[in-house]
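Visitor: Just dropping this structure here.
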Amino acid sequence: MLRDFIAIDFETANQEPSSVCSVGVVMVRDGQVVDSFYSLIQPEPNYYNYWCQRVHGISQDDTEDAPVFSKVWQQLEERIAEVYFSCQELDDIRYQIATLPFVAHNARFDEGCLKAVFKVYQMDYPDYRFYDTLTASRRQFGQSLPNHQLHTVAAACG
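Residue 0 is where the sequence shown starts when you use numbering that gives the first Met the number 0, and the numbers rise one by one after that.
Quick look at the structure:
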């Protein structure tokens with residue numbers, strides 16, 4: 000069982016995986032939640048699809064004055080470094096963070112968003128290791144759950 004990991008969730012403004020408009024992160028050490036981080040992000044490209052907006056409720060007005068992804072990610076890297084590591088140099092931080100597992104529900108989506116937005120901002124993408132709770136839920140619970148949405152899985156896990 001993973002005891003140290005970063006749970007991460009992106010929301011997108013439209014069908015483009017690079018259009019992240021928010022990120023939420025929970026940091027877990029020794030099996031305990033030790034910190035969390037949330038930020039709105041000005042998406043790229045900066046337009047909102049009706050269906051995406053309906054899912055998360057975030058609008059263009061909400062992100063009008065939000066920072067761009069590269070600024071938010073730098074803040075997040077620094078926060079993760081404070082929680083998990085003692086390194087100070089940004090290159091060291093990026094290397095260290097890449098050693099931590101990232102956990103997401105439907106990780107293919109979140110990992111795709113992260114790779115796409117790194118590319119848009121011409122940032123070097125570390126080889127983050129993603130673990131998918133959706134896949135794990137399907138394997139563990141199979142047909143015993145009515146669906147495998149995050150809230151259903153969380154309730155089944157207690």
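For each residue, glycine too, the CB sits at the ideal point set by N, CA and C.
Check the DSSP bridge columns for Met26 and list the partner residues they point to.
Guide: For Met26, which the question treats as bridged, DSSP gives the partners Ile5, Asp34.
Visitor: Just grab the DSSP bridge partners of Ser21 for me.
Guide: Answer is Glu10, Leu39, bridged to Ser21.
Visitor: How is the alpha helix (DSSP H) around Val119 delimited, first residue to last?
Guide: Val119 -> alpha helix (DSSP H) spans 106–119.
Visitor: Take Glu76 and list the residues in its own chain whose beta-carbon comes closer than 8 Å to its own, dropping the five residues that flank it on each side.
Guide: Cβ within range, chain order: Leu89, Ile92, Arg93, Ile96.
Visitor: Any idea what DSSP makes of Asp131, helix, strand or coil?
Guide: Here Asp131 sits in strand by DSSP.
Visitor: Can the beta-carbon of Gln20 be found less than 8 Å from the beta-carbon of Ile40?
Guide: Correcting the residue identity first, residue 20 is Cys in this sequence and not Gln. Their beta carbons are under 8 Å apart, which means Cys20 touches Ile40 by this criterion.
Visitor: Around the Cβ of Leu1, are there at least 16 other Cβ atoms within 10 angstroms (buried) or fewer (exposed)?
Guide: That one is exposed.
Visitor: Looking at the strands, I want to know which residues DSSP matches up with Pro16.
Guide: DSSP output for Pro16 lists no bridge partner at all.
Visitor: Below 7 Å, is the gap between the Cβ of Gly111 and the nearest heavy atom of the ligand SAM?
Guide: You won't find the ligand SAM in this model; it holds no ligand whatsoever.
Visitor: Please state whether the Cβ-Cβ distance between Thr151 and Leu144 is less than 8 Å.
Guide: Closer than 8 Å, so yes.
Visitor: Closest by CA to Ser69, which one among Lys114, Phe140, Tyr47?
Guide: Among Lys114, Phe140, Tyr47, the Cα nearest to that of Ser69 belongs to Lys114.
Visitor: Could you check what DSSP says for Phe84 in three-state terms: helix, strand or coil?
Guide: Reduced to three states, the DSSP call for Phe84 is coil.
Visitor: Can you tell me which of the three DSSP states Ala155 falls into?
Guide: Ala155: helix per DSSP, three-state reduction.
Visitor: Whether or not the region 126–140 and the region 14–31 are in contact is what I'm after, with contact meaning three or more pairs of Cβ atoms, one per stretch, closer than 8 Å; do they touch?
Guide: Too few Cβ pairs lie closer than 8 Å, so no.
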